[in-house]
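My numbering puts the sequence shown at residues 1 to 602.
C-beta: ideal position from N, C-alpha, C; glycine also.
Owing to the predicted nature of the structure, the values given are computational and were not obtained by experimental measurement.
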Amino acid sequence: MSDVPPPWLPEDIDETFDPLEHADIEPSPETPLIVTPRGGDREVGRSCYQVDTQHGRYLVDCGLSQGTSDKFPDLRGLQPQSIDAVFLTHAHVDHCGGLPVLENRNLLADNAPVVTTPPTASIASLMLEDSLKIHRRETDGSSAVQQFTSRDVAEVCDRFHTVGYGGGRIEGVAPVSDVEPAIFQLGNTAHLLGSAWVVIQTSGYRVCFSGDLGGRATHLPDMSPPPESGLLMLESTYGDTHSHPSLSGARTGLWEDIERAIQTREPVLIPTFAIGRAQTILLIIAERLHTLSADLRDRVEIVLDGMAVEGTDIYHEYVEDTNYFAESLVNRVVESGETEPFFAESFTIPETDQDRQKILTRAARDGTVPVIISPSGMLTGGNSPRYLAEFTARFGNASVFLTGYQAANTTGRTLQSQYQADQETVSATIDATPFSTDWPESSDVQWVHAENTGDSELKTRISFSADWISLVEGLSGHAAQSGLLSFARTVAPDTIGLIHGPDYAQERLGPHLAENVAGVDQVTRSRRMTPIAVGSETDVDTAVISPEEIDSTGYTELEDQIDHLYELLSKLNEEVASARNEPGLSEAEIREVIQDEMEIKE
Numbered sequence: 001m002s003d004v005p006p007p008w009l010p011e012d013i014d015e016t017f018d019p020l021e022h023a024d025i026e027p028s029p030e031t032p033l034i035v036t037p038r039g040g041d042r043e044v045g046r047s048c049y050q051v052d053t054q055h056g057r058y059l060v061d062c063g064l065s066q067g068t069s070d071k072f073p074d075l076r077g078l079q080p081q082s083i084d085a086v087f088l089t090h091a092h093v094d095h096c097g098g099l100p101v102l103e104n105r106n107l108l109a110d111n112a113p114v115v116t117t118p119p120t121a122s123i124a125s126l127m128l129e130d131s132l133k134i135h136r137r138e139t140d141g142s143s144a145v146q147q148f149t150s151r152d153v154a155e156v157c158d159r160f161h162t163v164g165y166g167g168g169r170i171e172g173v174a175p176v177s178d179v180e181p182a183i184f185q186l187g188n189t190a191h192l193l194g195s196a197w198v199v200i201q202t203s204g205y206r207v208c209f210s211g212d213l214g215g216r217a218t219h220l221p222d223m224s225p226p227p228e229s230g231l232l233m234l235e236s237t238y239g240d241t242h243s244h245p246s247l248s249g250a251r252t253g254l255w256e257d258i259e260r261a262i263q264t265r266e267p268v269l270i271p272t273f274a275i276g277r278a279q280t281i282l283l284i285i286a287e288r289l290h291t292l293s294a295d296l297r298d299r300v301e302i303v304l305d306g307m308a309v310e311g312t313d314i315y316h317e318y319v320e321d322t323n324y325f326a327e328s329l330v331n332r333v334v335e336s337g338e339t340e341p342f343f344a345e346s347f348t349i350p351e352t353d354q355d356r357q358k359i360l361t362r363a364a365r366d367g368t369v370p371v372i373i374s375p376s377g378m379l380t381g382g383n384s385p386r387y388l389a390e391f392t393a394r395f396g397n398a399s400v401f402l403t404g405y406q407a408a409n410t411t412g413r414t415l416q417s418q419y420q421a422d423q424e425t426v427s428a429t430i431d432a433t434p435f436s437t438d439w440p441e442s443s444d445v446q447w448v449h450a451e452n453t454g455d456s457e458l459k460t461r462i463s464f465s466a467d468w469i470s471l472v473e474g475l476s477g478h479a480a481q482s483g484l485l486s487f488a489r490t491v492a493p494d495t496i497g498l499i500h501g502p503d504y505a506q507e508r509l510g511p512h513l514a515e516n517v518a519g520v521d522q523v524t525r526s527r528r529m530t531p532i533a534v535g536s537e538t539d540v541d542t543a544v545i546s547p548e549e550i551d552s553t554g555y556t557e558l559e560d561q562i563d564h565l566y567e568l569l570s571k572l573n574e575e576v577a578s579a580r581n582e583p584g585l586s587e588a589e590i591r592e593v594i595q596d597e598m599e600i601k602e
């Protein structure tokens, strides 16, 4: 929870602050639905939306943020046992990671369920266990207070109430009065196994929460069309991107690069998100490995590590269900009898550091080529940064494929920034331990003190050729602007509240939707702790973009100017993030980097 209120709220708010009371509204026959963002409004992370009806209070998602000080949703003003149900769109931690905090603070009513699809319940249980380990590590020995425990994780997972795509009366699943007329509906978003949009309807009014929209994964079924709704709470992660690069081209390009590395005997590291991206990469390899010559197949060793193993096992549990997988994949599984299609014909799962050492020793001694798929995708945890340091110490050449978004202040972003700046050598200071008692002897891997961070513990400093790095674009699991527009047109809302996206993406997406969604009256950037009352005239207390306010004349020129500005700011952010990860740079030197980037040369 944030200690600092957002600028649109009073400065002196405390734990008792009630956003509905502050806005002087409550559910009524005229406004039977009130939606209040408690996180995930103008940010990617800690998604959490409160929904009040005349007879119940519900949440849609309760996530956490990674890499920021405000980890969890803003839960001020919620009374003990006041939440009657949580509807969970999918199992990524920015949507589910805050659930144990609700348990820890006793905010869930007795028998309040967490309603979601069966795959989401399975994956979320796995993610929450891993999140607890990270949370313990972050709070151990620091001033930060641990917000939840293993008991909280176990108890909130016991609340999972699984339903298929479809819906029913809320009073049939939640401990609310049988006079509660509200119904819920879940539909597939093709973002992640089991992912869903959520619709809540009462007294003739509907609100649709998009969750995270996908539609790009070949192994997932097509997105389910949502019903028309008066209010659409729409994700905007890639709202500034008209369309992604070709998925087919990205899959083919990644495989061709892997094949080239196998031919030249370069070990391969693919840092990846454990759920979703890992399975996409595994399927790319499994479907193409047979195209290699017998000699190359004998040479390669496919390695799957960490939580990606358990995540893939869950995928295989549902692989014959067309509700959750594309019919083409299900048919192939049924006809062939191969019930583990995400696994290549031969692969290795290391269980210990000794196993990991043996893989790398074989590569150095016998010339085998390990292709290692390991979390985390941003090289901030898990075994991927450890593999990277071992690669640096052991091999003169290697291939490192960055296949996903690299957030600011992560090792992945540091390396990506240096690569994009055309540096010959890239370097980073990482929090990683060797697979044995020490790193192999190498001038490119050293123990250092990251003193400028105030942390006296030893870190590992790595340096290697920028030629190792490849940026793989086109594998994103999120819909781009064109997909978001298509979804909004299907919902045909009167009002759109943008959520789950950075400022620049929402600023680009808002006018685009206002111009191109027929019948929309209001498009607004939702604000944390600011209610939206849904009724005959939906009331939003935020700035509204309407079609009448948009002057299409000269808009292309303005877009070009904004594109240029965003390009400059992105480059600046990357350089500053990289600089702050350099233990040898002072704050004055970092300011010099900023000044250099602000000089726009003709």
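Identify every residue that forms a DSSP beta bridge with residue i.
{"i": "G56", "result": "G56 pairs with nothing; no bridge assigned."}
{"i": "P37", "result": "Y49"}
{"i": "Y405", "result": "BP columns for Y405 are empty, so no partner."}
{"i": "I499", "result": "E235"}
{"i": "R206", "result": "Q201"}
{"i": "H161", "result": "V115"}
{"i": "L108", "result": "I83"}
Would you identify the three-state DSSP class for residue i, choosing helix, strand or coil?
{"i": "R137", "result": "helix"}
{"i": "A144", "result": "coil"}
{"i": "S606", "result": "Within the shown structure, residues of the chain are numbered from 1 to 602, placing residue 606 beyond reach of any answer."}
{"i": "Y49", "result": "strand"}
{"i": "A217", "result": "coil"}
{"i": "H512", "result": "helix"}
{"i": "G187", "result": "strand"}
{"i": "T127", "result": "It is worth fixing the name first, because residue 127 is Met in this sequence and not Thr. Three-state result, M127: helix."}
{"i": "R591", "result": "Residue placement at R591 is flagged as unreliable, the pLDDT there being 47, under the threshold of 50; the coordinate-derived value follows with that caveat. Reduced to three states, the DSSP call for R591 is helix."}
{"i": "W197", "result": "strand"}
{"i": "Q506", "result": "helix"}
{"i": "I25", "result": "coil"}
{"i": "R260", "result": "helix"}
{"i": "V116", "result": "What sits at residue 116 in the sequence shown is Thr, not Val. T116: strand per DSSP, three-state reduction."}
{"i": "R265", "result": "coil"}
{"i": "I359", "result": "helix"}
{"i": "T553", "result": "Any reading at T553 must be qualified, since the residue scores a pLDDT of 35, below 50, and its modelled position is unreliable; no value is offered."}
{"i": "Q522", "result": "strand"}
{"i": "G168", "result": "strand"}
{"i": "A533", "result": "strand"}
{"i": "D539", "result": "strand"}
With the cut-off set at 8 Å, would you say residue i and residue j are in Cβ contact?
{"i": "A604", "j": "Y58", "result": "A question about residue 604 goes unanswered here, because the residues of the chain that appear run from 1 up to 602."}
{"i": "V176", "j": "V51", "result": "no"}
{"i": "V35", "j": "M233", "result": "yes"}
{"i": "P375", "j": "E301", "result": "no"}
{"i": "I499", "j": "V523", "result": "no"}
{"i": "T264", "j": "S195", "result": "no"}
{"i": "D24", "j": "S47", "result": "no"}
{"i": "P226", "j": "G167", "result": "no"}
{"i": "T31", "j": "G535", "result": "yes"}
{"i": "P113", "j": "V173", "result": "yes"}
{"i": "E320", "j": "V330", "result": "yes"}
{"i": "A398", "j": "V426", "result": "no"}
Among the options, which residue has its Cα nearest to the Cα of residue i?
{"i": "Q54", "options": "P29, D41 and R76", "result": "P29"}
{"i": "G382", "options": "G306, V371, E351 and T348", "result": "G306"}
{"i": "R216", "options": "I258, T36 and F325", "result": "F325"}
{"i": "T117", "options": "D355, T189, A250 and G510", "result": "T189"}
{"i": "T403", "options": "V268, D74 and E43", "result": "V268"}
{"i": "I359", "options": "N331, R394, E473 and A274", "result": "R394"}
{"i": "T312", "options": "T272, G167, V173 and S65", "result": "T272"}
{"i": "Y205", "options": "L509, P493, D541 and S82", "result": "P493"}
{"i": "E390", "options": "Q416, L75 and S442", "result": "S442"}
{"i": "F160", "options": "C96, I372 and E317", "result": "C96"}
{"i": "A408", "options": "P7, V44, L20 and D12", "result": "V44"}
{"i": "D18", "options": "H449, Q79 and I430", "result": "Q79"}
{"i": "S482", "options": "D240, I349, L20 and N331", "result": "D240"}
{"i": "F148", "options": "Y165, D130, V163 and T162", "result": "D130"}
{"i": "L192", "options": "H478, V156 and A250", "result": "H478"}
{"i": "E338", "options": "G367, E287 and D74", "result": "E287"}
{"i": "L9", "options": "H22, I284 and A488", "result": "H22"}
{"i": "L471", "options": "A488, Y419 and T392", "result": "Y419"}
Using a Cβ-Cβ distance cut-off of 8 Å, determine whether residue i contacts chain C.
{"i": "Q201", "result": "Among the protein chains of the structure shown there is no chain C, as only one such chain exists."}
Query raised in the report: Residue ranges of each alpha helix (DSSP H) run of no fewer than 4 residues wholly in the segment 268-351, ordered along the chain?
Result: Unbroken alpha helix (DSSP H) stretches of 4 residues or longer found wholly inside the segment 268-351: 277-288, 294-299, 307-317 and 327-336, given in chain order.
Query raised in the report: Going along the chain, which unbroken runs of the beta strand (DSSP E) with 3 or more residues stay wholly within the segment 421-495?
Result: 425-430, 445-449, 458-465 and 469-471
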